[in-house]
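Reading the sequence shown from the start, the letters are residues -24 to -1, 1 to 246 in mature numbering (1 follows the signal peptide of the UniProt record, and there is no 0).
Virtual Cβ for every residue (Gly too), placed ideally from N, Cα, C.
Source: prediction; values computed, not measured.
Let me begin by presenting the structure, written as structure tokens, before commenting on it.
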Amino acid sequence: MRFCWNFLQIIFLFLHCFHFPARAIRSDIGLPERKICRNTVQGRYLLSDDNGHVCDALSVDQWSRCCPGSGEKYSCQGCNIVSQCCNTYEYCVSCCLNPARTQQELALQVKIAKPVSAGTYASVFDFCAGRCRHSSESVVHENAYVSDFHHCFSLRSNTSGTLDGHSEARLNGINVVIGRQGETCNSVCKSKGLSCVPSKLLVLNKCEIIQKYMSCKGSCLASMGSDQPAEVAEDAPRHLNPGTLSPVHNSSTLIVDVQEPLEKLEMPSN
């Protein structure tokens, strides 16, 4: 009995000397949050996520829905950088997401649809995914694409869809006359008893202004030549994008006396 008592004392002393205090559960340690990506679902084979990566459907992470980060970010493969149009929807979205190409503050002002009651895009990804889809601006005659590059993300020069009041004021006292194919500014204005005002061509060099005076059925694409601003005639070959508008990309190249048979030109006269 004495032996048992001594044994219990030894165990008690052992536990007393090697007492392990209870440790509280720490709440300041957390697992790193794993980003859940948003991605496009339009294509059959490719996806573009909101990080700006493009991958095939088999490569996307099944949990995060993100593309592998090892590929090129903001890829513009198959895109025309000047017109900001691409031949593939997913690469259009990827290229559009580049902050150097799409300004967030402007993109979030763009309306999702034309009605006044329509809301605006909630994020740059929403803007890019929406703008790159086919729209009325991508087709001509309602049954044909303007070109193979029909996925476009360019911002309109006026995100509200209304004309710039300053530009309108600069056209006060100016008659805008539409010339026939092959005519020049001087000849058209002279036939109306007016004179050509070349300096006002700079004011006309905006999509909204051109659309006001021309009944175009296509989109507004960047100029590929020096004979603009103009509208490509509807009977022009398809590869020339019939029905589209073409403001001048570099305003210093504006000229007046042109003889381009496939375009109708705006002539400012007074």
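Between the alpha carbons of K176 and G149 lies a gap of roughly 11 Å. Close CB contacts of A94 within its chain, under the 8 Å cut and outside five residues either way in sequence, are with K87 and I88 (chain order). T96 sits exposed, since fewer than 16 C-beta atoms from the chains shown fall within 10 Å of its C-beta. Taking K90 as reference, the option from R107, E81 and F101 with the minimal CA-CA separation is R107.
Distance from the CA of C13 to the CA of N27, rounded to the nearest whole angstrom, comes to 8 Å. Taking a 10 Å sphere around the C-beta of S24, we find 16 or more other C-beta atoms and assign the residue as buried. Separation of N56 and T64 (C-alpha to C-alpha, rounded to the nearest whole angstrom) is 11 Å. DSSP, reduced to helix, strand and coil, places D124 outside both helices and strands of the structure shown, so it counts as coil. The three-state secondary structure of C42, taken from DSSP, is coil.
According to DSSP, N27 shares a beta bridge with no other residue.
For N162, the uninterrupted alpha helix (DSSP H) run begins and ends at C161 to S167, by DSSP. Going by DSSP, V179 is part of the alpha helix (DSSP H) stretching over L177 to L180. At a Cβ-Cβ threshold of 9 Å, S59 and V30 do not count as neighbours.
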